[in-house]
Amino acid sequence: MGPDIIIPSGFFIAVCFTVYLILKHSSQSKQMQHETIHKLIESGQQLSPELLDSLATVKKDTGTKDLTRGIIFVSIAIAFFLFGWITPGGDLDIVSIGVFPLCLGIAFLLIHKFKPTQS
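For the sequence shown, UniProt numbering assigns the number 1 to the initial residue and increments by one for each residue that follows.
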C-alpha cells in the first residue's frame, strides 16, 4: 500500500471521524438536557413555560455565522496558496485546490453582506 492509497484513505477517515464527533457531541448535549429536566421533575420543582420554550426553540442566528465561515474558508484558501507557493517547484495542483475554499469563503462573505437584517 503506497501513499497514493493511504493519503486519500486517511483524509476520508478524518472526515468521517469529524462528522462522528459532531454527531456525538450533539447527542450528548441533548441527553444531558433530558437528564436535567428529568431531575427537575423528580425533585418536584416547577417547570416554567419560559424554561420549556427556551429548550424547545432553536438558537437564533446572531448574524455572524456567515461572516465566520467566510473568514475561515478564505483563510484555508490562503493556506493552500501559500503552501503551493512555498513548495519547491510550485505545485499548481495545491494552488488549484485552494480556489474551491476561496469561492466558498467569498460566497459566505457576500451572503453576510447582503443578508437583510432581522429586527
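Don't be surprised by glycine CBs; every beta carbon is placed ideally from N, CA and C.
None of the values given here were measured: they were computed from a predicted structure.
Residue i classed as buried or exposed, judged by whether at least 16 other C-beta atoms fall within 10 angstroms
i	result
A14	exposed
G105	buried
residue 120	There is no way to answer for residue 120, as the model of the chain reaches only from 1 to 119.
F108	buried
F80	buried
A77	buried
Boundaries (first-last residue) of the alpha helix (DSSP H) holding residue i
i	result
P88	Neither: P88 is in no alpha helix (DSSP H) and is coded neither H nor E.
L47	Segment: none, L47 is in no alpha helix (DSSP H) and carries neither H nor E.
G105	V99 to F114
Whole-angstrom C-beta distance between residue j and residue i, which should lie under 8 Å
i	j	result
F83	P101	Not a contact, Cβ separation roughly 12 Å.
D66	H112	4 Å
L55	Q33	6 Å
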